[in-house]
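Encoded as structure tokens, the structure appears first; notes follow it.
Chains as they are written, first to last, in full-length UniProt numbering: chain A, 1 to 404; chain B, 1 to 404.
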């Protein structure tokens, strides 16, 4: 750690975080796809444990959801067509895929560990702005992100409203609800109570805090699925007879009971995850997510977004309980209150939060059309029907931008 | 451990568990309220970490949800009126409130630990039957339980159908769904990866597996609440300034971020929990819950319940995502298929699963009236309207017992 990648790494010099602390040289690992023509830049913001490796044509030390995580959406001929757009994706500061974070070496030659400054989503946005300056990109055609990456995209509309023509937040929200705050807090506690975490100083130790990180990941994983998707995928089936609980201590009395498919799957995924992600980064990034509040420093979400003059697309999935359709509708309401052209495209899905990664056939078309034609894009739907000027499917009555 | 109580403890002799293993002398701690008149016995089944201390008039070494956990429902003049009924509640085998379990001494004088036989809900029911024999109670006026205690009550209708006149399952289900199986599995992994768990052998150690048990409890706690109740109770508020993260290791970088009310609450509750509950019992009892399947050994839930000739009441809460209203409706359908008089009383509630403990004003009246008048009880409602013979509010179309 940090994980080896062949991404480009930009050296952006001294960076002062929102907490007030600075580091001498912020390094941001990024990938860029396509050719920049001056007005075709698209910034893609990755999710919590994602990376800059948004598409498949680079080989990397990433894995799982950090590896080519949106290659069905981004690429030549794809919804975000890299023969048309110049697509940039940067690993956020605090992460572990090549950008500065807890696993990076401090000036004293030792890993920062938890001496690394606390990181906020605002810092992600500011670091991305600095990277784009470095790349010679001014105004963006679009910024798009899923999950906490969608929060990151929304933060762009608040922080650099003049720099973004189109904002897309997929399966995101203006802020986490207390249920998710609770689960994130429990996940962090799982890491910090792992004796191998050792206050965050474990990079040179024989044993990493893998047990705690595995638990944290498993808690997160359940948040990404839905009851329906878990029913379909696992049911109550026992895992195959060759599947045994062998990656962590177990209770001898457990052997009387089946090792279930759902347990086996989560255990397997957790084992893969702990090999690809840094425990301190997990602490840092979940804290950034938990802390994000679109309205911070403003009276309301609408006030925060008031200076934005582009167009906005919210996309949500009916089976998502981590970032709900109601939360996306609330963000859409804020844009509407500002008379920003906005569409809230709801996808009927059983996949839970993961839908934004695993349903490219539903995510791609509205994205493609929104990039070309904004909220009037053919495949873009809205919770407000612009023909009858009626009430939205969700949330309180409001005046539609498109009615009358 | 085991926790000291002043409950009566019945010595029930050799007991063979469903797994095939036996112990020499099953001890069951229980409390009995009221006078037995021959036909007025009511068995109350406690929830996962509950105890026999169902009402408040006994002083015990219990705490939290194990202490007088249904004292608003059970007592003189209450819905389950102890001046009318003889109410028995027994601590289930595998638990830690005085009944035989992992913390009990084995014949070699050392605690069983994980040498204690694996326990199933069927074993709970069979142990309760043995206790009632010991007390001279044959047929029960009613068996009632909430959460996994409701599963226990349903198991009575399968296992001893002739012994029960009325069955009440509150916030229960025929089986857990895979989402809950997953969270229970993660909770157990939190315990067994705590180095202090030590294969279940920690009773004489200086350090108990408190970190792991705390995590397990916190995961469970989130399952007992709902998004709405957490919004109302905590929002995203920071905890008071005197509240500090002081019960477990924390990340120095955490101090930049608020310690939220919801985290503080869960941390506080977890600290209380680890003082009152045994980690091995948590493993044993969650496994029993996960393993329960009403239809086990039968073709269907309806087939399992076919021999039952009493009346049944299912009660569920709309905000409960641990044991959903749809799951209770599914059990109601099974009873209906058997022509068992059944009512599914749905309570509109934001409280989540905890509603069965914290809404006595909603739980009491239907219970009281069902105990007196069965499904025709005045305060008992059903998802099937018996006047219009219409379709139920939930689930697929079926022929109502009360229609036509």
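Built from N, CA and C at the ideal position, the CB exists for glycine as well.
Beta-ladder partner(s) of residue 315 of chain A, from DSSP: The count along the first chain starts at 1 and reaches residue 315 of chain A at position 315. Residue 315 of chain A is bridged by DSSP to A:170 and A:345.
Through-space distance from residue 361 of chain A to residue 209 of chain B, alpha-carbon basis: Here residue 209 of chain B is taken as the residue at index 209 of the second chain, counted from 1. Here residue 361 of chain A is taken as the residue at index 361 of the first chain, counted from 1. Each residue's alpha carbon lies about 47 Å from the other.
Residue 68 of chain A (DSSP reduced to helix, strand or coil): The residue given as residue 68 of chain A occupies position 68 in the first chain. Residue 68 of chain A sits in coil when the DSSP states are folded into three classes, being neither helix nor strand.
Residues near residue 21 of chain A by beta carbon distance below 8 Å, same chain, minus five either side: In the first chain, counting from the first residue as 1, residue 21 of chain A sits at position 21. Within its own chain, the residues whose Cβ lies closer than 8 Å to the Cβ of residue 21 of chain A, once the five positions on either side in sequence are excluded, are 117 and 118, listed in chain order.
Proximity test, Cβ basis, 7 Å: residue 96 of chain B and chain A: Here residue 96 of chain B is taken as the residue at index 96 of the second chain, counted from 1. No, residue 96 of chain B lies away from the interface with chain A (no Cβ there is under 7 Å from its Cβ).
Length-filtered (4 minimum) alpha helix (DSSP H) runs lying within the stretch 89-157 of chain B: Complete alpha helix (DSSP H) runs here, min 4: 121-135.
Proximal residues of chain B, C-beta to C-beta of residue 254 of chain A below 9 Å: Here the question's residue 254 of chain A lines up with position 254 in the first chain. Per Cβ cutoff of 9 Å: 114, 118, 188, 192, 283 and 287.
Beta-carbon proximity check, residue 238 of chain A vs residue 258 of chain A, cutoff 7 Å: One-based indexing of the first chain puts residue 238 of chain A at position 238. One-based indexing of the first chain puts residue 258 of chain A at position 258. Contact: yes.
Contact list for residue 250 of chain A against chain B, beta-carbon separation under 8 Å: Numbered from 1 along the first chain, position 250 holds the residue referred to as residue 250 of chain A. The answer, in chain order, is 192.
Among A:147, A:322, A:222 and A:34, the one whose alpha carbon lies nearest that of residue 170 of chain A: Your numbering for residue 170 of chain A matches position 170 in the first chain. The residue with the shortest Cα to Cα distance from residue 170 of chain A is A:147.
Proximity below 7 Å, CB of residue 94 of chain A to CB of residue 18 of chain A: Counting from one through the first chain, the residue named residue 94 of chain A turns up at place 94. Counting from one through the first chain, the residue named residue 18 of chain A turns up at place 18. No, these two residues do not count as a Cβ contact at 7 Å.
For residue 289 of chain A and residue 245 of chain A, the rounded distance between their alpha carbons: Your numbering for residue 245 of chain A matches position 245 in the first chain. Your numbering for residue 289 of chain A matches position 289 in the first chain. Approximately 32 Å, taken between the alpha carbons.
Touch test, the stretch 37-55 of chain B against the stretch 129-141 of chain B, Cβ-Cβ under 8 Å, three pairs minimum: Contact holds: three or more Cβ-Cβ distances are below 8 Å.
Three-state class that DSSP yields for residue 231 of chain B in the structure shown: Sequence index remark: in the second chain, residue 231 of chain B carries index 231 (1-based). Here residue 231 of chain B sits in helix by DSSP.
Cβ contact (3+ pairs, closer than 8 Å) linking the stretch 329-344 of chain B and the stretch 289-307 of chain B: Yes, the stretch 329-344 of chain B touches the stretch 289-307 of chain B.
Any C-beta of chain B under 7 Å from that of residue 107 of chain A: Position 107 of the first chain, counting from 1, holds the residue named residue 107 of chain A. Proximity of residue 107 of chain A to chain B, defined by a Cβ-Cβ separation below 7 Å, is not satisfied.
Cross-strand partners of residue 81 of chain B (DSSP beta bridge): Locating residue 81 of chain B in the second chain gives position 81, counting from the first residue. According to DSSP, which records beta bridges pairwise, residue 81 of chain B is partnered with B:75.
Interface residues of chain A facing residue 275 of chain B [CB-CB closer than 8 Å]: Translated into the one-based positions of the second chain, residue 275 of chain B becomes position 275. By Cβ distance, chain A contributes nothing, its closest Cβ being about 17 Å from residue 275 of chain B, past 8 Å.
Interface positions of the stretch 206-231 of chain B facing chain A (Cβ-Cβ less than 7 Å), listed along the chain: From the stretch 206-231 of chain B, only 211, 215, 218, 219, 222, 227, 230 and 231 have a Cβ closer than 7 Å to chain A.
The stretch 164-184 of chain A: positions lying closer than 8 Å to chain D by Cβ: The structure shown contains no chain D; its protein chains are A and B.
As assigned by DSSP and simplified to three states, the class of residue 87 of chain A: Against the first chain, residue 87 of chain A aligns to sequence position 87. If DSSP states are grouped into helix, strand and coil, residue 87 of chain A belongs with the strands.
Selected residue, minimal CA-CA separation from residue 175 of chain B, among B:274, B:326, B:352 and B:90: The residue given as residue 175 of chain B occupies position 175 in the second chain. Closest in C-alpha terms to residue 175 of chain B, from the list B:274, B:326, B:352 and B:90, comes B:326.
For residue 30 of chain B, the residue or residues it bridges with in DSSP: As a position in the second chain, residue 30 of chain B is number 30, starting the count at 1. The secondary-structure analysis by DSSP pairs residue 30 of chain B across a beta bridge with B:8 and B:90.
Cα-Cα separation, residue 324 of chain B to residue 318 of chain B: The count along the second chain starts at 1 and reaches residue 324 of chain B at position 324. The count along the second chain starts at 1 and reaches residue 318 of chain B at position 318. Between residue 324 of chain B and residue 318 of chain B, the C-alpha separation is close to 7 Å.
Integer-rounded CB distance, given that residue 375 of chain B should sit under 8 Å from residue 342 of chain B: On the second chain, position 342 is the one that residue 342 of chain B refers to. On the second chain, position 375 is the one that residue 375 of chain B refers to. Between the beta-carbon of residue 342 of chain B and that of residue 375 of chain B there is about 6 Å, and that keeps the pair under the 8 Å contact cut.
Minimum Cβ-Cβ distance from residue 26 of chain A to chain B less than 7 Å: Residue 26 of chain A sits at position 26 when you count from the first residue of the first chain. Output row for residue 26 of chain A: interface = no.
Beta-carbon proximity list for residue 377 of chain A, same chain, < 6 Å, skipping 5 on both sides: As a position in the first chain, residue 377 of chain A is number 377, starting the count at 1. Cβ neighbours of residue 377 of chain A within its own chain (closer than 6 Å, five residues either side excluded): 369 and 370.
For residue 164 of chain A, the three-state DSSP class (helix, strand or coil): Translated into the one-based positions of the first chain, residue 164 of chain A becomes position 164. In the structure shown, residue 164 of chain A sits in a strand (DSSP, three-state: E or B).
8 Å Cβ shell around residue 330 of chain A - same chain, five flanking residues per side excluded: The residue labelled residue 330 of chain A in the question sits at position 330 within the first chain. Around residue 330 of chain A: 173, 174, 301 and 395.
In DSSP terms, what residue 260 of chain B is bridged to: The count along the second chain starts at 1 and reaches residue 260 of chain B at position 260. Residue 260 of chain B pairs with B:238.
Alpha carbon of residue 254 of chain B to alpha carbon of residue 353 of chain B, nearest angstrom: Your numbering for residue 254 of chain B matches position 254 in the second chain. Your numbering for residue 353 of chain B matches position 353 in the second chain. Taking the Cα positions, residue 254 of chain B is about 31 Å away from residue 353 of chain B.
Closer than 7 Å to chain A by CB, residue 137 of chain B: Mapped onto the second chain, residue 137 of chain B falls at position 137. Chain A contact via Cβ: absent.
Beta strand (DSSP E) segment containing residue 418 of chain B, residue limits: As displayed, chain B neither begins before 1 nor continues past 404, which places residue 418 of chain B out of reach and without an answer.
Opening and closing residue of the beta strand (DSSP E) in which residue 41 of chain A lies: Within the first chain, numbered from 1, the residue matching residue 41 of chain A stands at position 41. DSSP places residue 41 of chain A inside the beta strand (DSSP E), whose first and last residues are 41-45.
Beta-carbon proximity of residue 154 of chain B to residue 367 of chain B, cut-off 7 Å: Position 154 of the second chain, counting from 1, holds the residue named residue 154 of chain B. Position 367 of the second chain, counting from 1, holds the residue named residue 367 of chain B. Pairing residue 154 of chain B with residue 367 of chain B gives a Cβ-Cβ distance that is not under 7 Å.
Beta-carbon spacing of residue 197 of chain B, residue 152 of chain B below 7 Å: The residue you call residue 197 of chain B lines up with position 197 of the second chain. The residue you call residue 152 of chain B lines up with position 152 of the second chain. No, Cβ-Cβ distance for residue 197 of chain B and residue 152 of chain B is not below 7 Å.
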